[in-house]
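Residue numbers (this note's numbering): 29 to 166.
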């Protein structure tokens, strides 16, 4: 019986050894697969890190460009405000000029009428003087 027990023990040990070897082989395959995944993830991480660096650089460039554009927009807004002020001043000056010209036009018309009246009176006076001078001649 001891022999059967020893044979059983050898079979159990053999089976255990074979099972252990199979498990060891499977674990090596899992470790190799995980090492491969780890290398792939490391490479992907490296690519992602480089991509993040590129994106950060682009983001900084865009931020700088936006800051420059904001400055340009502020300068343009200031120029627009100056132009609005100039337009208001121009409108006031043009309105004043228009009103002054209208007043001068009215004054010119009045002077023209007075001049025509004086010329008419002058012609009448000349005619009267000539008529008087002709009557007084021998």
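All C-beta atoms in this analysis are idealised placements derived from N, C-alpha and C, irrespective of residue type, glycine included.
Please read all numbers here as calculations on a predicted model, not as lab measurements.
Residues near residue 37 in its chain [Cβ-Cβ closer than 6 Å; skip 5 each side]: Translated into the one-based positions of the chain shown, residue 37 becomes position 9. So the list is empty, once near-sequence residues are dropped.
Can you tell me the Cα-Cα spacing of residue 113 and residue 98, whole angstroms? Taking the chain shown and counting its residues from 1, the one referred to as residue 113 is at position 85. Taking the chain shown and counting its residues from 1, the one referred to as residue 98 is at position 70. If you take the alpha carbons of residue 113 and residue 98, they lie about 23 Å apart.
For residue 125 and residue 133, the rounded distance between their alpha carbons: Locating residue 133 in the chain shown gives position 105, counting from the first residue. Locating residue 125 in the chain shown gives position 97, counting from the first residue. Going from the Cα of residue 133 to the Cα of residue 125 covers about 12 Å.
Whole angstroms is fine: what's the gap from residue 84's alpha carbon to residue 122's? Translated into positions along the chain shown, residue 84 becomes position 56. Translated into positions along the chain shown, residue 122 becomes position 94. About 55 Å.
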